[in-house]
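Right, one structure below, let's go through it.
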């Protein structure tokens, strides 16, 4: 069969569709090939005007397609691939935004899937606050929708580097770290603390942890 991009052009019947490539930070490399190398040719404006589909063995113009790639973290995206992208950072939801999403969309959706009416089940605001506070300490609302408690806080990226180094130094020097100190930052091999993103979300998480 033709490649996915050719199938996309055939399905949309237009030469300038919008193509979403989800979670490019999870692209792996194995014995079957390197997907990031193929994406380089697709996303490079100097090459995608004559993209070769190996099944059809013809060149296809992909230059008019609008590609949008999503990722949870940028650290695992290959640098050559990252250089061909315009980075747009989206901040996570705060508790008030999660509350509004749950009330407007998630609860009505759950009712519709369960076949119950609004009069049969009433979800109190206090219950939502408990779910948001204790069950879904993530940037999005995926765990809020699943209503599943996890035993560990999810962590993406190298932001805990400074915390891990501090913990190891505390153990080696037998000097405890002051309680109530929060830290975030990537640590290089030479000991430099590098800047990280998501400061707003981390500050909110620290304040919630302090309240608990």
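Residue numbers (the UniProt record's numbering): 1 to 212.
We put the CB at the ideal spot given by N, CA and C, even for glycine.
Counting of Cβ neighbours within 10 angstroms places residue 93 among the buried residues, the total reaching 16 or more. Secondary structure of residue 44 (DSSP, three-state): coil. Burial state of residue 189 is exposed, judged by a 10 Å Cβ sphere holding fewer than 16 other Cβ atoms.
One Cα belongs to residue 107, the other to residue 207, and the distance between them is close to 27 Å. Residue 186 sits in a strand when the DSSP states are folded into three classes. Scanning 18, 194, 95 and 163 for the CA closest to the CA of residue 178 turns up 163. Following the DSSP letters along the chain, one finds residue 18 inside the beta strand (DSSP E) bounded by residues 18-21. Under the 10 Å beta carbon count, residue 98 is surrounded by 16 or more other beta carbons and is classified as buried. Taking C-beta atoms under 8 Å as the contact rule, residue 25 and residue 73 qualify, at a distance of about 5 Å.
Secondary structure remark: continuous alpha helix (DSSP H) runs of at least 4 residues inside the segment 65-89, in chain order: 79-83. Counted as a single uninterrupted DSSP element, the alpha helix (DSSP H) harbouring residue 173 occupies residues 161-173. The beta carbon of residue 2 is closer than 7 Å to those of 53, 55 and 56 in its chain, skipping five residues each way along the sequence.
With 16 or more other CB atoms across the displayed protein chains lying within 10 angstroms of its CB, residue 69 is buried. Secondary structure at residue 194: strand, using DSSP grouped into helix, strand and coil. DSSP, read as helix, strand or coil, puts residue 25 in helix. In the same chain as residue 44, and ignoring 5 residues on each side of it, the C-beta atoms closer than 8 Å to its own belong to 84, in chain order.
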